[in-house]
Every structure is written in C-alpha cells, then in structure tokens.
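2 protein chains.
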Amino acid sequence: MSRWEPNARGRLQQSAMELYIEHGYEQTTVAEIAKRAGLTERTFFRHFADKREVLFAGAGPLQELFVNTVADAPATATPMDAVAAALDTVAADFKGHLESARQRQTVIRANAELQERELIKLATLAAALTEALRQRGASDLTARLTAEAGIAVFKIAFERWVGDTDQRELSQHIRELLDELKAVTAGG
Amino acid sequence: MSRWEPNARGRLQQSAMELYIEHGYEQTTVAEIAKRAGLTERTFFRHFADKREVLFAGAGPLQELFVNTVADAPATATPMDAVAAALDTVAADFKGHLESARQRQTVIRANAELQERELIKLATLAAALTEALRQRGASDLTARLTAEAGIAVFKIAFERWVGDTDQRELSQHIRELLDELKAVTAGG
DNA sequence: CTACTTGATGACAGTAGCTGACATCGGTGC
DNA sequence: GCACCGATGTCAGCTACTGTCATCAAGTAG
Chain A
732 MSRWEPNARG
742 RLQQSAMELY
752 IEHGYEQTTV
762 AEIAKRAGLT
772 ERTFFRHFAD
782 KREVLFAGAG
792 PLQELFVNTV
802 ADAPATATPM
812 DAVAAALDTV
822 AADFKGHLES
832 ARQRQTVIRA
842 NAELQERELI
852 KLATLAAALT
862 EALRQRGASD
872 LTARLTAEAG
882 IAVFKIAFER
892 WVGDTDQREL
902 SQHIRELLDE
912 LKAVTAGG
Chain B
732 MSRWEPNARG
742 RLQQSAMELY
752 IEHGYEQTTV
762 AEIAKRAGLT
772 ERTFFRHFAD
782 KREVLFAGAG
792 PLQELFVNTV
802 ADAPATATPM
812 DAVAAALDTV
822 AADFKGHLES
832 ARQRQTVIRA
842 NAELQERELI
852 KLATLAAALT
862 EALRQRGASD
872 LTARLTAEAG
882 IAVFKIAFER
892 WVGDTDQREL
902 SQHIRELLDE
912 LKAVTAGG
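Protein sequences appear in the order of chains A and B.
Just so you know, the numbering used here puts the end of the first sequence at 919, numbered straight through with nothing missing.
Just so you know, the numbering used here puts the end of the second sequence at 919, numbered straight through with nothing missing.
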C-alpha cells in the first residue's frame, strides 16, 4: 500500500473545477482546493504553476493533436488545407464533451485572469502551428498568418458551439467559419 | 500652488517603464515604482488596476482610433475594406514611434504576464471592432471573423515592424499581410 | 471671511498567491 | 539492511493588491 492516495494532480483539478463552479474563481482560495483534494497548498503549487493553470491541463494534448495532424496532412495540401484538416480532427476529439466544455467556458468567461490565460494558450498553439507549417515548407509569413487565421476560426467556432442552443456540431461551425473566412477576404 | 506635483499618472508610467527596462518587470516592485515617482504604493494602485496595466495606457486611444475609422469608412466599403482602412490609419499613427514601440515590446516579450495582458487588450480591441462592423450592418459572423482576421494582421505586422532591421514602414507590413491573407484563403 | 465640500494622497493593517528551505517517510534498488 | 529517491508536509517570508480612515490644499457657497 502506498503512502498517499494516487492521482493527486487529478484530484486537484477536480476539486478546483468544483469550487470554481460552486463559489467562483476569485472567491476560491488555493488552500480550499488543496484541502478538498486532501493535500496542502504547497503541494498544489508543485503540480500547477499557479491558480489558473489547473484549468488548462488539456492545452498540451490539444496542441499535440493540432500539430500532428498538420504534420500528417498530404504533402500536396496547402497550408490552409492542412490547418483545416487539423481543425476537423480537433472537432472530432471534442465530440461528446459539450457539457464539460460549457462548464469550463462558463468559469473562464466569468474571470479576466482566466481569459488572459486562455488567450496565451491559444497564442502558444498558434506558434506551434506556425512551426508545423514551416516544417512543411511554408514561408514564415504564410505559416504565421495561416496559423493565426486557423486559430481565429477555432476560437470563434468553439465559442459558438458552446454558446448555441441548437444542436450543431463543432465541425459544422468550423466549416461555416472557414467558408466565411474565404468570403470575407475574397472581395476587392 | 497646488499641493502635489502634477501628472502623477504620467510619472508612474515613466518610472515603471524605466525600472522595467533597467531591472526587468519581475525584479521591480510596485513600491520602487511609486518611490521613483515620489508617491506611495497605494497611490500607484489608485491610478492603475495592477502592476501590468501601467504599460497599457495606450490601449484605449488605439481602440478609439480603430473604431472611429471603421465607423467613418464609406458605406460602400466591405467589412474587410473598413478594417483595412482602420489598419492604415493606425499605422500612420505609429509612424515615428518605432523606438519606443521597440522598447515596450522588449519588456513585454520578456514576461508571460505582460504577454497575457497584451493579448487580452487585442481581444478587447477585436470585440470593439466586431461591434463597429455590426453597426455598419455586417452579420455577427462576418463582423466577428473580419475583426479577428484584422487583428491578426495587425499583430503580425506590428511584430515584424518592431523586429525588422530593415527600414520598412508598418503600413507596408500591413499591406503585405493583407495580400497574404487573401492568397492564403483563396485556394481549394 | 468662514464654513463646508471635494479630491488626491498618505498611513496602516490585512488577505492571498507564490517561493525557498528543510523535514518526513514509504518504496525501490543494490 | 541500507542508502537513496520522490512525493508530500511544515514553516517562514515576500509582494501584489484591497479596505479604511486621516490629511489638507483648493474650490464653492453664503
């Protein structure tokens, strides 16, 4: 028998999410999160860099999925094609997790610090996408802009997905946004 | 004669900038900034919501300039045309301030908290742009996406402007990015 | 001229996020 | 059996940030 309960990190994530929902992010102290998880405040900070980071554990895997899909796209695909393929893959990955996504977004939308953290996660994702596109031979300029446009599409599609009351899938929102992007930039 | 030296806010901004450059953002305490400005820590927090905000006083006027230019664009202009016009106006406004922009970006790039704050300022700007485009009659979807694309162009152009060693103007970078955006979304 | 109000600042105490240093003690390898 | 490792606890401390009350020049009313 081991000295401690297993999965301290997971318990901290769950406790944090519960408390952020119950009382709000600002009203929750790290000490409370740790206590609910059966740990101390100091241990919280060994697992997560700060009070915000505990909500963003999924960012790493999401970025991997994005980057791998771009890397695996056929060599003939344009940069935007490769990004579109990644968006499809990611949309499939979110399928069935609408409710948890909604809860998380509700917490984040209620607090500016959390929005900041989400934005920098998306910016990091865009940087990783940029690098993946460069690996495929795109120019710096093309890679950077395509990545930013792709992330913009993802961000807006995601917001609409969790905000909508109808039954549209994330992948449908993404397709709509990609079409709209083409339309919006076509003129002139 | 008045009771205190005038322009406390400006003195705080200048002191903060100097100290962030001299010793770095993290190594600077708010008490030090206030002391250099001849004030107390408490007064710093009456002028700025937090230690980061003192670097972003220009965000408000910038947003106004963006929004007003979009609003004043001819009724026949497409949403992207209106945003392009705003980008031109903003580029003209930055002309001649390359060195101060560089200093500021150097400080921001060295610290994650400051990058987060910059990102949320850009997101707020995108939201304001979205609203301005909606006022012109654009749909929610079009307005949102055009605003985000425009801000992406601005962000990348600005980075290249302050990062480049050559003599290209911000407006040239913006034109190049707008062309590239069209090219990148045209395919398929 | 006096009294009252206003507004920017100072003084001070307190909370909470976050860090460094050291102790603890099951599990693991030799 | 012993040394080491790694996850956790304990504790002291710094600093960002807030609430509250005091201060006092300048403006305003009468």
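Cβ coordinates follow ideal geometry from the N, Cα and C atoms, glycine included.
Every value quoted in this text rests on a predicted model; they were computed, and no experiment measured them.
Using beta carbons (cut-off 9 Å, strictly below), is R848 (chain A) in contact with chain B?
Position 117 of the first sequence, counting from 1, holds the residue named residue 848 (chain A). Yes - at least one Cβ of chain B is within 9 Å of the one on R848 (chain A).
Taking its Cβ as the centre, do 16 or more other Cβ atoms sit within 10 Å of H904 (chain A), making it buried, or is it exposed?
Position 173 of the first sequence, counting from 1, holds the residue named residue 904 (chain A). By the neighbour-count rule (16 or more Cβ atoms within 10 Å), H904 (chain A) is buried.
Starting from F885 (chain A), follow the alpha helix (DSSP H) in both directions and report where the run begins and ends.
Position 154 of the first sequence holds residue 885 (chain A). Its alpha helix (DSSP H) spans residues D871 to G894.
Could you check whether the Cβ of P792 (chain A) sits closer than 9 Å to any Cβ belonging to chain B?
Sequence index remark: in the first sequence, residue 792 (chain A) carries index 61 (1-based). Not an interface residue.
Residues in the stretch 732-751 of chain B with C-beta within 9 Å of chain A's C-beta atoms, listed in sequence order?
none
Would you please state the rounded distance, in angstroms, between the beta carbons of E847 (chain A) and I851 (chain B)? I believe it to be under 8 Å.
For the purposes of this step, residue 847 (chain A) is identified with residue 116 of the first sequence, where counting begins at 1. For the purposes of this step, residue 851 (chain B) is identified with residue 120 of the second sequence, where counting begins at 1. Contact between E847 (chain A) and I851 (chain B) holds, since their C-beta atoms are separated by about 5 Å, short of 8 Å.
Contact criterion: CB-CB distance below 9 Å. Does E784 (chain B) meet it with respect to chain A?
Within the second sequence, the letter at position 53 stands for residue 784 (chain B). With 9 Å as the cut-off, E784 (chain B) does not count as an interface residue toward chain A.
Am I right that L818 (chain A) and F885 (chain A) are in contact with their C-beta atoms under 8 Å? What's the rounded C-beta distance?
On the first sequence, position 87 is the one that residue 818 (chain A) refers to. On the first sequence, position 154 is the one that residue 885 (chain A) refers to. Correct: roughly 6 Å between the Cβ atoms.
For R906 (chain A), report the span of its alpha helix (DSSP H) as first-last.
Here residue 906 (chain A) refers to the residue found at position 175 when the first sequence is read from its first residue. L901 to A917 is the extent of the alpha helix (DSSP H) around R906 (chain A).
Nearest CA to the CA of R875 (chain A): which residue from A:E753, A:R740 and A:A857?
Here residue 875 (chain A) corresponds to residue number 144 of the first sequence, with the count starting at 1. Ranking A:E753, A:R740 and A:A857 by Cα distance to R875 (chain A) puts A:A857 first.
Distance cutoff 9 Å, beta carbons only. Does E862 (chain B) sit that close to anything in chain A?
Reading the second sequence from its first residue, position 131 is the one you call residue 862 (chain B). So, not an interface residue.
Compare the C-beta of D812 (chain B) against all C-beta atoms of chain A and say whether one is closer than 9 Å.
Translated into positions along the second sequence, residue 812 (chain B) becomes position 81. Answer yes: the Cβ-Cβ gap between D812 (chain B) and chain A drops below 9 Å somewhere.
What number of angstroms, rounded off, separates the C-alpha of L908 (chain A) from the C-alpha of T807 (chain A)?
Along the first sequence, one-based indexing puts residue 908 (chain A) at 177. Along the first sequence, one-based indexing puts residue 807 (chain A) at 76. In a straight line, the C-alpha of L908 (chain A) is about 23 Å away from that of T807 (chain A).
G827 (chain B): which of B:T800, B:E911, B:L901 and B:E736 sits nearest, CA to CA?
Your numbering for residue 827 (chain B) matches position 96 in the second sequence. G827 (chain B) has its Cα closest to that of B:L901, out of B:T800, B:E911, B:L901 and B:E736.
Here's a check: name, in chain order, each residue in its chain whose Cβ is nearer than 7 Å to the Cβ of D824 (chain A), leaving out the five neighbours to either side.
As a working note, residue 824 (chain A) is residue 93 in the first sequence. Within the same chain, L796 come within 7 Å of D824 (chain A) by CB-CB distance, once the 5 residues on both sides are set aside.
Does DSSP put P737 (chain B) in a helix, in a strand, or in coil?
In the second sequence, the residue the question calls residue 737 (chain B) occupies position 6. P737 (chain B) falls in the coil class under three-state DSSP.
Does K766 (chain B) have its Cβ less than 9 Å from a Cβ in chain A?
Within the second sequence, the letter at position 35 stands for residue 766 (chain B). Chain A, which has no Cβ nearer than 9 Å to the Cβ of K766 (chain B), makes this no.
Would you say K913 (chain A) and T916 (chain B) are within 9 Å of each other, going by their C-beta atoms?
The sequence position of residue 913 (chain A) within the first sequence is 182, counting from 1. The sequence position of residue 916 (chain B) within the second sequence is 185, counting from 1. It is a contact, given that the beta carbons lie within the stated cut-off.
Hey, is the stretch 877-895 of chain A in contact with the stretch 828-841 of chain A, meaning 3+ C-beta pairs nearer than 8 Å?
yes
For G894 (chain B), would you say it is in contact with chain A, using Cβ-to-Cβ distances shorter than 9 Å as the test?
Residue numbering aside, residue 894 (chain B) sits at position 163 when the second sequence is read from its first letter. No - not a single Cβ of chain A is within 9 Å of the one on G894 (chain B).
Pick helix, strand or coil for T800 (chain B), following the three-state DSSP scheme.
Numbered from its first residue, the second sequence carries residue 800 (chain B) at position 69. T800 (chain B) falls in the helix class under three-state DSSP.
What distance in whole Å lies between the Cβ atoms of A813 (chain A) and L864 (chain A), which are believed to be in contact at a cut-off of 8 Å?
Position 133 of the first sequence, counting from 1, holds the residue named residue 864 (chain A). Position 82 of the first sequence, counting from 1, holds the residue named residue 813 (chain A). L864 (chain A) to A813 (chain A), Cβ: 7 Å. Contact.
Spatial neighbours of Q836 (chain A) within its chain, please: CB distance less than 7 Å, with the 5 preceding and 5 following residues excluded, ordered by chain position.
What you label residue 836 (chain A) is simply residue 105 of the first sequence in a count that begins at 1. Within the same chain, Q836 (chain A) has close Cβ partners V893.
In chain B, what lies closer than 7 Å to R875 (chain A) by C-beta?
In the first sequence, the residue the question calls residue 875 (chain A) occupies position 144. Neighbours of R875 (chain A) on chain B, chain order: I887.
Taking C-alpha atoms, which residue in A:D871, A:L743, A:Q898 and A:D897 lies nearest to A888 (chain B)?
Numbered from its first residue, the second sequence carries residue 888 (chain B) at position 157. Selected option, being the one with the closest Cα: A:D871.
Using beta-carbon positions only, say whether L845 (chain B) and R767 (chain B) come within less than 9 Å of one another.
In the second sequence, counting from the first residue as 1, residue 845 (chain B) sits at position 114. In the second sequence, counting from the first residue as 1, residue 767 (chain B) sits at position 36. Annotated as distal: L845 (chain B) and R767 (chain B), with beta-carbon spacing of 9 Å or more.
According to DSSP, is Q794 (chain B) helix, strand or coil?
If you number the second sequence from 1, residue 794 (chain B) lands on position 63. Of the three classes helix, strand and coil, the one that applies to Q794 (chain B) here is helix, per DSSP.
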